[in-house]
Amino acid sequence: QTVGWWAKGMALRNYGLLFTCSVGFEFMEWSLQHWLPNFNECWWDRWILDVLLCNNIGLFLGIATTKYMGSRLYDWRGISEHKTLRGKVWRSMLQFTPHRWDDMDWAPASSPKRLLQCLLLVAAILLVEVNSFFLKAVLWVPPRNPLNSLRLLLWFGIAIPAIEEFYAFVEKEKGDVSRMGSFVWVTFATVAVECLVWVKHGRGMFTAPFPRHVVLVWAALVLSLAGMFAAWMVRKRLSFKLKAS
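Counting in my numbering, the sequence shown runs from 1372 upward without gaps.
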């Protein structure tokens, strides 16, 4: 679990969004525990051991690794230009790492649009996490099966360039990126396909209704977000009119 959040820290590189994903995943577990029995955990296991300890350690290690990698100097010569076998192998491995390890200042509170973009990213990450448990339940994949680890490794390889491209897109005011990159679209498509797989093959498995308290908490959350966005938009419009006058 800590290793997984270390990988997310290297991909997302922002503690605020990472902590939001950590809390959001535990909230998803709490919401879906009537469908997936392995989501049933006591409160101290969920919020203390997972969120405050294991996940937090992984997040800090991931961000620290990113800062360390960003301070190093890399030799980006072509593979054929390296003379030794060790140099060729090391250069081949670097081919699957980012060209830069820059920090990502997502600034979700800068505007309503930016907050929606950040929430879209968080939702995609949470879907990837939840899909793994639904796929294991529907396709009868044992927890220790190597396919689970292989899937996570593939997602890690996809996530780093996809998040880089999505960040470049949301920061397009500072550059010339006018549309999302191919890795972002592949990521969204893969998440959708995984959802369709467990929905199709899980017919009749997830029929229990959501508990009343779960529905009430989700309704309060959605209404709070909608009210916050409405107040934010009104405030921005009023400030714009005051500046214009």
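All C-beta atoms, glycine included, are put in the ideal place defined by N, C-alpha and C.
Model, not experiment: these values are computed from the prediction.
Helix, strand or coil at residue i according to DSSP, with G and I counted as helix
i, result
"Val1512", "coil"
"Phe1396", "helix"
"Pro1483", "helix"
"Pro1517", "helix"
"Ala1615", "helix"
"His1405", "coil"
"Asp1474", "coil"
"Val1374", "helix"
"Asn1385", "coil"
"Trp1447", "Low local confidence applies: a pLDDT of 48 at Trp1447 is under 50, so the model's placement there is unreliable, with the coordinate-based value given in what follows. Trp1447 falls in the coil class under three-state DSSP."
"Phe1577", "coil"
"Asn1502", "helix"
"Pro1582", "coil"
Closest Cα partner of residue i within the set the options
i, options, result
"Trp1376", "Lys1612, Asn1519, Val1586 and Val1422", "Val1422"
"Ala1435", "Val1499, Phe1504 and Tyr1386", "Tyr1386"
"Ile1534", "Val1557, Pro1513, Met1599 and Lys1607", "Val1557"
"Gly1395", "Arg1417, His1572, Gly1433 and Leu1424", "Arg1417"
"Arg1384", "Ile1428, Gly1458 and Asp1476", "Asp1476"
"Phe1505", "Ile1419, Cys1425, Leu1456 and Cys1566", "Cys1566"
"Ala1508", "Arg1574, Leu1486 and Phe1537", "Arg1574"
"Ser1402", "Gly1598, Leu1594, Leu1587 and Lys1614", "Leu1587"
"Phe1398", "Leu1592, Gly1598 and Leu1487", "Leu1592"
"Tyr1538", "Trp1526, Gly1552, Ile1529 and Gly1528", "Gly1552"
Residue i versus residue j - alpha carbon distance
i, j, result
"His1360", "Pro1582", "Because the chain here runs from 1372 to 1616, residue 1360 falls outside it and cannot be looked at."
"Asn1502", "Phe1577", "14 Å"
"Ile1419", "Leu1492", "25 Å"
"Arg1515", "Asn1409", "14 Å"
"Gly1433", "Phe1390", "12 Å"
"Leu1609", "Ser1482", "15 Å"
"Val1512", "Arg1606", "50 Å"
"Thr1561", "Leu1524", "14 Å"
"Cys1392", "Leu1497", "7 Å"
"Val1374", "Pro1532", "19 Å"
"Phe1554", "Leu1487", "20 Å"
"Val1541", "Leu1490", "12 Å"
"Lys1612", "Glu1400", "44 Å"
Chain C contact for residue i (CB, 8 Å cutoff)
i, result
"Leu1491", "The chain labelled as chain C is not found in the depicted structure, where only one protein chain is given."
beta-carbon residue i near the ligand GTP non-hydrogen atom, thresh 7 Å
i, result
"Ile1428", "As presented, the structure is devoid of all ligands, the ligand GTP included, so that no description of it is given."
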